[in-house]
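S.K.: The structure's right below; bear with me while I get my questions together.
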Amino acid sequence: HTYLVLTAEVIAHAAVGLVPASIPPSALVTGRRFADVGIHGVAQADFFDWVLSAPGGEAFVGTLARRLARFDWSAVEHDVLKHLYESVIDERQRHQLGEYYTPDWLADLMVSELVADPLHDRVLDPACGSGTFLFHAVRRYLAAADAAEVHNAEALAGVTGTVFGVDVHPVAVILARVTYLLAIGPARLRGERGELAVPVYLGDSLQWQIDHTALRDDRLIIYTDDDRGLFTEALVFPASVLADPGSFDRLVRELTDLAARRERGGTRPAVRALLARQGLAADDIAVLEGTFALLCDLHDHQRDHIWGYYARNLARPLWLNRKEAQVDVLVGNPPWLAYRYMTEEMQKVFRAQASARGLWAGAKVATHQDLSAYFAVRSIELYLRPGGRFGFVMPLAVLTRLAYAGFREGKYGPEFRAAFDEPWDCDGIKPALFPVPSSVVFGQKTEGQERALPSAFGRWTGRLPAAHAASWAAASEYLTLAPGATREVQGGPASPYHSRFTQGATVVPRVLHVVEEAPDPSQLGLASGLRRVRSRRSKLEKPPWRDLPDRGPATVESQFVFNLHLGSTVLPYRLLPPALVVLPVLDGALLSGDDPRMDGSPRLATWWREGEKLWGQHRSATTSATLSAWLNYQNKLTGQFPIPPIRFCYTKAGNAIAAAVVTDLHTVIDHKLYWAACLSAEEARYLEAVFNSETLNVRVRPLQSRGLFGPRDVDKYVFQLPIPPFDRDRPLHRRLAAAAAIAEEVAGSVPLPTDIDFKAARHRVREAIEGHGVGDEIEELTTSLLAEEVE
Numbered sequence: 066h067t068y069l070v071l072t073a074e075v076i077a078h079a080a081v082g083l084v085p086a087s088i089p090p091s092a093l094v095t096g097r098r099f100a101d102v103g104i105h106g107v108a109q110a111d112f113f114d115w116v117l118s119a120p121g122g123e124a125f126v127g128t129l130a131r132r133l134a135r136f137d138w139s140a141v142e143h144d145v146l147k148h149l150y151e152s153v154i155d156e157r158q159r160h161q162l163g164e165y166y167t168p169d170w171l172a173d174l175m176v177s178e179l180v181a182d183p184l185h186d187r188v189l190d191p192a193c194g195s196g197t198f199l200f201h202a203v204r205r206y207l208a209a210a211d212a213a214e215v216h217n218a219e220a221l222a223g224v225t226g227t228v229f230g231v232d233v234h235p236v237a238v239i240l241a242r243v244t245y246l247l248a249i250g251p252a253r254l255r256g257e258r259g260e261l262a263v264p265v266y267l268g269d270s271l272q273w274q275i276d277h278t279a280l281r282d283d284r285l286i287i288y289t290d291d292d293r294g295l296f297t298e299a300l301v302f303p304a305s306v307l308a309d310p311g312s313f314d315r316l317v318r319e320l321t322d323l324a325a326r327r328e329r330g331g332t333r334p335a336v337r338a339l340l341a342r343q344g345l346a347a348d349d350i351a352v353l354e355g356t357f358a359l360l361c362d363l364h365d366h367q368r369d370h371i372w373g374y375y376a377r378n379l380a381r382p383l384w385l386n387r388k389e390a391q392v393d394v395l396v397g398n399p400p401w402l403a404y405r406y407m408t409e410e411m412q413k414v415f416r417a418q419a420s421a422r423g424l425w426a427g428a429k430v431a432t433h434q435d436l437s438a439y440f441a442v443r444s445i446e447l448y449l450r451p452g453g454r455f456g457f458v459m460p461l462a463v464l465t466r467l468a469y470a471g472f473r474e475g476k477y478g479p480e481f482r483a484a485f486d487e488p489w490d491c492d493g494i495k496p497a498l499f500p501v502p503s504s505v506v507f508g509q510k511t512e513g514q515e516r517a518l519p520s521a522f523g524r525w526t527g528r529l530p531a532a533h534a535a536s537w538a539a540a541s542e543y544l545t546l547a548p549g550a551t552r553e554v555q556g557g558p559a560s561p562y563h564s565r566f567t568q569g570a571t572v573v574p575r576v577l578h579v580v581e582e583a584p585d586p587s588q589l590g591l592a593s594g595l596r597r598v599r600s601r602r603s604k605l606e607k608p609p610w611r612d613l614p615d616r617g618p619a620t621v622e623s624q625f626v627f628n629l630h631l632g633s634t635v636l637p638y639r640l641l642p643p644a645l646v647v648l649p650v651l652d653g654a655l656l657s658g659d660d661p662r663m664d665g666s667p668r669l670a671t672w673w674r675e676g677e678k679l680w681g682q683h684r685s686a687t688t689s690a691t692l693s694a695w696l697n698y699q700n701k702l703t704g705q706f707p708i709p710p711i712r713f714c715y716t717k718a719g720n721a722i723a724a725a726v727v728t729d730l731h732t733v734i735d736h737k738l739y740w741a742a743c744l745s746a747e748e749a750r751y752l753e754a755v756f757n758s759e760t761l762n763v764r765v766r767p768l769q770s771r772g773l774f775g776p777r778d779v780d781k782y783v784f785q786l787p788i789p790p791f792d793r794d795r796p797l798h799r800r801l802a803a804a805a806a807i808a809e810e811v812a813g814s815v816p817l818p819t820d821i822d823f824k825a826a827r828h829r830v831r832e833a834i835e836g837h838g839v840g841d842e843i844e845e846l847t848t849s850l851l852a853e854e855v856e
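All residue numbers for the sequence shown refer to my numbering, where the first residue is 66 and numbers rise by one.
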């Protein structure tokens, strides 16, 4: 982070026309020269100054300044700092914040679509990141100012009072401020101008945690804490100084600097003349004199270093949600933070807030929901004036997935709604723009009738060269927008089988549970009822689990070693050998390490308690669940007991469903599969034929979520198709079951090497069935079955 901040601060100096190599390192790091040239809110003394005290720190800053000074920062035409941010900030941290940075050409295009009157439309990016949208909004304003022959000083004052950014990540905010300066350009900054403050603020746009601050009675009130952490006195700023960001920033800076320059305990200087120059009313001057007195007291107690910074950054998001300050355009890329990656406390707040606005789709799809939809709605609610336009980059799932049904309706409460315009599907652009397929939604805030997100949308297609120019003008040569495309929107279940199927158990992390037979070096054999096992490792394990050493070899009681069918052990009409898993299941109940019944099986107890210890040491900070609770989430393990004699299972995800029948009574099903107990072998084979058919796969693909490599999750979306329950009195159903029995024989006869990859094995089996007449018969029968139900 320090390297990134220092780099941005050096670039900031170059962006205003200064020569970084000629500036002392201490002045570069603390940003003193910015105040000298009348530019504020860019760099300042902060935590990252530690480098100056480190051995060789000043030399390092000087070397960095000389290297960065070689570049012509006046020629920048896009947000160059996001690439630096992405290369330095850990990918896991960006994932935890839901940060996916927008290509410049897309930001350029969206700003052009949304900002109709650049000189008058006030624009806010509430999750500005490194400033991509801000860059293009600033450039659009300045281009319009040039066309209207607006004087440079007036143009700079106008743009800083028109284009705003807010972000919760302090490093991103520093980068965005520099990006803002780069958008203005050194030539303009060296021209005739007044003082200016960069309007990019560190703050929580959602305003979830503003507990001790209030904007009420036309005043901003910031409660300060004393040495005991108690909130006592308050810094108060009247509304008259909040409306103009530049003036407010300057006033806060002057008051805090004046308080800091005064000798501790000395006489307070008079500030009435300074305040009078602001043209303030007498009552407002009196309020600010009280605020200055408190700043002096904080300085006397050595607690003054944060409050000016805090007030400046906190005021803007709070002020922008007042009716008279709301903006005309909201644009940006909200955080795509999945519900499952939120902390428990954040999940509670998110669920409550989303439910209040009709966005919570229910616990069954909770893991498919993310912060983006709520962030967009909350930003519209707080910061956009009625009739104002919005445009947000969103996950593609927003267009069709059940988790976003409430968002698509546009009805978020009695006070405001959204009237959506045609969205954009960006999944056809190659290479992919983000790790998750994406879309863009547009609309207006309305206090009247909502307009749901259209089911028809514009679909972008094309391939961008690796070195394409950042502007839309350059990228447009390679991309095409086709209006009127559609995707099938998820609805409710049409098949009664929906309620009979359930997902398998969450047997992860694998290293704690999944095992293989371990050789016995003693050659003495094992007593009856015991098995010798060790960890079965996989290249697909994730940190920190993949970094743990193997467990075992260890001896455990045989009754607790179960077969485990995974997604990778299921082929069409055939099963590969199952994995093995150690589970403390006794009489259908899952035991925990502190259960006294565990001591009746001492070898299992040793294995399981060691696993519980590893779980406690390495589990995610976002979960407090015990190992047993995690393994038996929603009773998906114990719900498999007593094990039914005939089960049908199908794969949870993939481009094509694979399904098979399970009859072993000592086998459990993993979460990569869905399963149901069947009343007969005929019913299981009937389902086997339907689910393995290409006919069903083609019908379910539009309902699946999409990843970078095509259709991804099948889940229970398949039951939106009208698959009827098996009825032996219907000849079509019996014919499907009989055809599946033949397909099982064909699949079982396919030779498969022991080391074959499961994907290659599935391909071989499908080829064999397609080459046999039974494959065509199953397709015809399944087509007839689904057609009958539709009729």
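We put the beta carbon where it would ideally sit given N, CA and C, even for glycine.
Identify, in the order they occur along the chain, each residue of the same chain with its Cβ nearer than 8 angstroms to the Cβ of L851, setting aside the five sequence neighbours on each side.
M.R.: T760, L761, R764, L786, P787 and I788
S.K.: May I ask which residues mark the beginning and end of the alpha helix (DSSP H) holding V830?
M.R.: F823 to G836
S.K.: At what residues does the beta strand (DSSP E) containing N700 begin and finish?
M.R.: Secondary structure note for N700: it is in no beta strand (DSSP E), with a DSSP letter that is neither H nor E.
S.K.: Please report the residue range of the alpha helix (DSSP H) in which Q682 lies.
M.R.: P667 to H683
S.K.: Short check: CB of L179 to CB of G456, under 9 angstroms?
M.R.: A contact, by the Cβ cut-off of 9 angstroms.
S.K.: Could you name the residues of the same chain whose beta carbon sits closer than 7 angstroms to that of D729, not counting the 5 residues immediately before and after it, in chain order?
M.R.: N628.
S.K.: Count the other C-beta atoms from every protein chain shown that fall within 10 angstroms of the C-beta of N700, then say buried if there are 16 or more, exposed otherwise.
M.R.: exposed
S.K.: Quick check: the region 452 to 467 against the region 409 to 422, are at least 3 beta-carbon pairs closer than 8 angstroms?
M.R.: no
S.K.: Per DSSP, what kind of secondary structure is W610 in: helix, strand or coil?
M.R.: Looking at W610 - three-state DSSP - the assignment turns out to be helix.
S.K.: For H277, does the count of other Cβ atoms within 10 angstroms reach 16, so buried, or fall short, so exposed?
M.R.: In this prediction, H277 scores a pLDDT of 44, lower than 50, which makes its location untrustworthy; no coordinate-derived value is stated.
S.K.: Would you call F136 buried or exposed, if buried means 16 or more other Cβ atoms sit within 10 Å of its Cβ?
M.R.: By the 10 Å Cβ count, F136 comes out exposed.
S.K.: Quick check on W115: does DSSP put it in helix, strand or coil?
M.R.: helix
S.K.: What are the boundary residues of the alpha helix (DSSP H) that W425 is part of?
M.R.: Run containing W425: none; DSSP gives neither H nor E here.
S.K.: Residue ranges of each beta strand (DSSP E) run of no fewer than 3 residues wholly in the region 548 to 602, ordered along the chain?
M.R.: 579 to 582 and 595 to 600
S.K.: Just list the residues that DSSP pairs A654 with in beta bridges.
M.R.: L651
S.K.: Looking at G594 and Q624, is the spacing between their C-beta atoms short of 9 angstroms?
M.R.: Yes; because the gap between Cβ atoms is below 9 angstroms, this pair is in contact.
S.K.: Classify Y469 as buried or exposed, calling it buried when 16 or more other Cβ atoms lie within 10 Å of its own Cβ.
M.R.: buried
S.K.: Pick out whichever of A540, L589 and S536 has its Cα sitting closest to the Cα of P530.
M.R.: A540
S.K.: Would you kindly report the start and end of the unbroken beta strand (DSSP E) that includes I734?
M.R.: Unbroken beta strand (DSSP E) run through I734: T732 to I734.
S.K.: Applying the criterion that 16 or more other CB atoms from any shown protein chain within 10 Å of the CB defines a buried residue, is L656 buried or exposed?
M.R.: Buried, since its Cβ has 16 or more Cβ neighbours within 10 Å.
S.K.: Mind checking which residues open and close the alpha helix (DSSP H) that includes M175?
M.R.: Secondary structure note for M175: its alpha helix (DSSP H) is the uninterrupted segment D169 to L179.
S.K.: In angstroms with no decimal places, state the Cα-to-Cα distance between T67 and E410.
M.R.: When rounded, the distance between both Cα atoms is 29 angstroms.
S.K.: Just to confirm my understanding: we take R242, look at its own chain, exclude 5 residues before and 5 after, and list those with CB closer than 6 angstroms. What are they?
M.R.: V107, V263 and V265
S.K.: Here's the rule I'm using: 16 or more other beta-carbon atoms within 10 Å means buried, otherwise exposed. How should W273 be labelled?
M.R.: exposed
S.K.: Quick one: what does DSSP say S444 is sitting in, helix, strand or coil?
M.R.: helix
S.K.: Looking at the unbroken beta strand (DSSP E) that takes in T716, where does it start and where does it end?
M.R.: R712 to T716
S.K.: Closest to K510 by C-alpha separation, out of H563, L544 and L447, would be which residue?
M.R.: L447
S.K.: Within this structure, are the beta carbons of I104 and L323 separated by less than 9 angstroms?
M.R.: no
S.K.: Using CA atoms only, rank isn't needed, just tell me which of T545, V430, A210 and A483 is closest to L518.
M.R.: A483
S.K.: Under three-state DSSP, which class holds R524?
M.R.: strand
S.K.: Count the C-beta pairs between the region 326 to 343 and the region 394 to 406 that are closer than 8 angstroms, then say yes if the count reaches three, no if not.
M.R.: no
S.K.: Could you tell me which of N757, A754, Y782 and V755 sits nearest to R766, measuring between CA atoms?
M.R.: Per the Cα distances, Y782.
S.K.: For the putative contact between Q391 and L385, defined by C-beta atoms under 8 angstroms, what is the C-beta separation to the nearest angstrom?
M.R.: Between Q391 and L385 the beta-carbon gap is near 7 angstroms, inside 8 angstroms, which marks them as a contact.
S.K.: Whether or not the region 423 to 437 and the region 210 to 220 are in contact is what I'm after, with contact meaning three or more pairs of Cβ atoms, one per stretch, closer than 8 angstroms; do they touch?
M.R.: no
S.K.: What are the boundary residues of the alpha helix (DSSP H) that D190 is part of?
M.R.: First-last for D190: V188 to D190, but that is the beta strand (DSSP E), not the alpha helix (DSSP H).
S.K.: What is the DSSP secondary structure of V352, counted as helix, strand or coil?
M.R.: Three-state result, V352: helix.
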